[in-house]
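Note that the numbering used here has the sequence shown beginning at 7, numbered continuously upward.
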Amino acid sequence: MWQNPGLRFPARLVSQLGRFLTGIEIHPGATIGRRFFIDHGMGVVIGETAEIGEDVMIYHGVTLGGRSLAKVKRHPTIEDRVTIGAGAKILGPITIGRDSAVGANAVVVKDAPPESIVTGVPAKWRHRDAQRETKPAVDPAEYDIEYRI
Numbered sequence: 007m008w009q010n011p012g013l014r015f016p017a018r019l020v021s022q023l024g025r026f027l028t029g030i031e032i033h034p035g036a037t038i039g040r041r042f043f044i045d046h047g048m049g050v051v052i053g054e055t056a057e058i059g060e061d062v063m064i065y066h067g068v069t070l071g072g073r074s075l076a077k078v079k080r081h082p083t084i085e086d087r088v089t090i091g092a093g094a095k096i097l098g099p100i101t102i103g104r105d106s107a108v109g110a111n112a113v114v115v116k117d118a119p120p121e122s123i124v125t126g127v128p129a130k131w132r133h134r135d136a137q138r139e140t141k142p143a144v145d146p147a148e149y150d151i152e153y154r155i
């Protein structure tokens, strides 16, 4: 809708209505892949030229913002299977590589390669260590249900 100038007003209207109802602001010009999930979405802001891949999950208070007002690509590109922690700020025309994780409250202003962990202010990245990350993100035992009659 955003590419068609005649539909920009309705697109912006739907965007603002969604923002009012949910607290999540997604610019109609943003490109979002399949199975994008916002967990506890209040305060999420996604800019006009942001590109989000498939199977991406972000938490509340995340900003995918710009650092310029120029009419160029000024928002981040988030590749497939990235998780972004609560309060993280990813700013500028940078890329977060596939299968990465951004820590809570990180301020990211530089590219991160695939399969990295990005933390800190300003954020720095390191490669994921499969040996250290043996515990699943969600413990399957939490979902064992015992039925009693």
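All residues carry an ideal CB built from backbone N, CA and C; glycine is no exception.
- In the three-state DSSP reduction, SER106 falls in the coil class, being neither helix nor strand.
- Cα atoms of GLY47 and LYS95: separation of roughly 14 Å, rounded to the nearest angstrom.
- For a cut-off of 8 Å, the C-beta gap from HIS66 to VAL50 is around 7 Å, short enough to register as a contact.
- Boundaries of the beta strand (DSSP E) harbouring PHE43: 43 to 45, taken from the DSSP string.
- Across the structure, THR69 and LEU23 are spaced so that their CA atoms are roughly 19 Å apart.
- Put simply, the backbone Cα of LEU13 is about 20 Å away from that of GLU57.
- Within the same chain, GLY103 come within 6 Å of PRO119 by CB-CB distance, once the 5 residues on both sides are set aside.
- One Cα belongs to VAL62, the other to ILE52, and the distance between them is close to 13 Å.
- Collapsing the DSSP output to three states places ALA56 in coil.
- Taken through DSSP and simplified to helix, strand or coil, LEU75 comes out as coil.
- Under DSSP, GLU31 shares a beta bridge with VAL51.
- In the DSSP annotation of this structure, the continuous segment of the beta strand (DSSP E) that includes VAL124 starts and ends at 122 to 126.
- A Cβ-Cβ contact shorter than 7 Å links ILE84 with GLY59.
- Per DSSP, reduced to three states, the secondary structure at VAL62 is coil, with no helix or strand assignment.
- Of all alpha-carbon atoms in ASP86, ARG25, ILE90 and VAL115, the one lying nearest the alpha-carbon of ARG40 is that of ASP86.
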